[in-house]
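Enquirer:
In our numbering, the protein residues as written are 11 to 160.
#1: With contact counted as at least three CB pairs below 8 angstroms, one residue from each stretch, are the segment 67-76 and the segment 113-122 in contact?
#2: Can you give me the Cβ contacts of residue 155 inside the same chain, cut-off strictly under 7 angstroms, excluding the 5 residues immediately before and after it?
#3: What's the C-alpha gap between residue 129 and residue 98?
#4: Per DSSP, which one or two residues make a beta bridge with residue 41?
#5: Helix or strand or just coil, what does DSSP make of residue 104?
#6: Spell out the partners DSSP gives residue 65 in its beta bridges.
#7: Is residue 135 helix, strand or coil by DSSP?
#8: Does DSSP put residue 109 in a helix, a strand or coil?
#9: Which first and last residues belong to the beta strand (DSSP E) in which residue 31 is found?
#10: Between the C-alpha atoms of residue 30 and residue 83, what's the straight-line distance to the nearest angstrom?
#11: Express the C-alpha separation of residue 69 and residue 107 in angstroms, rounding to a whole number.
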């Protein structure tokens, strides 16, 4: 499982001109799922994300987590995070899970992060053509891979 976590001042997801998720201060989480991902990956990644100390304290030091600042989150599925560009110029997505595997894992991840964050999170619509808007705060962007545990 791979995630790109972006600290945002605001973010939204639009599908067919309808805003399906909208937050102010918090995290936009782009999530890529592999067929080898498990519940262990979901639990580890969710806890890592909600506890990442990437929000500023009163001295302007990144020392607070999403939980500490009571921020919001949006989770958007993004199979392109598993793109391989090793050969040629056309990325291969062979490592990305097929929807039959990815959808249940995506839903489990959303449920886990809601549990860990202790509140609902916004989501995109799996497989839809989404327009994602964000105002990256910092900018702060963190890549996390559960297979490497980093």
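Just so it is clear, CB atoms sit at the ideal spot from N, CA and C, and this is done for glycine as well. Remember, predicted model here, so these are calculated numbers, not experimental data.
Expert: Judging by the given coordinates:
#1: Taking a cut-off of 8 angstroms for Cβ pairs, the segment 67-76 and the segment 113-122 do not touch, as fewer than three such pairs fall below it.
#2: Along the chain shown, read from residue 1 onward, the residue named residue 155 stands at position 145. Counting only Cβ-Cβ distances below 7 angstroms, and skipping sequence neighbours, we find 12.
#3: Numbered from its first residue, the chain shown carries residue 129 at position 119. Numbered from its first residue, the chain shown carries residue 98 at position 88. The C-alpha of residue 129 lies about 43 angstroms from the C-alpha of residue 98.
#4: Counted from its first residue, the chain shown places residue 41 at position 31. When DSSP reads this structure, residue 41 sits in a beta bridge with 13, 87.
#5: Here residue 104 refers to the residue found at position 94 when the chain shown is read from its first residue. In the structure shown, residue 104 falls within a coil segment according to DSSP collapsed to helix, strand and coil.
#6: The residue you call residue 65 lines up with position 55 of the chain shown. Here residue 65 is bridged, per DSSP, to 74.
#7: Stepping through the chain shown from its first residue, residue 135 is reached at position 125. Three-state DSSP puts residue 135 in coil, outside helix and strand.
#8: By 1-based counting over the chain shown, the position of residue 109 is 99. In this structure, residue 109 counts as helix in the three-state DSSP scheme.
#9: As a first step, residue 31 is located in the chain shown; it is residue number 21 there, counting from the start. From DSSP, the beta strand (DSSP E) with residue 31 extends over 28-33.
#10: If you number the chain shown from 1, residue 30 lands on position 20. If you number the chain shown from 1, residue 83 lands on position 73. Their backbone Cα atoms lie some 13 angstroms apart in a straight line.
#11: Locating residue 107 in the chain shown gives position 97, where the first residue counts as 1. Locating residue 69 in the chain shown gives position 59, where the first residue counts as 1. Going from the Cα of residue 107 to the Cα of residue 69 covers about 42 angstroms.
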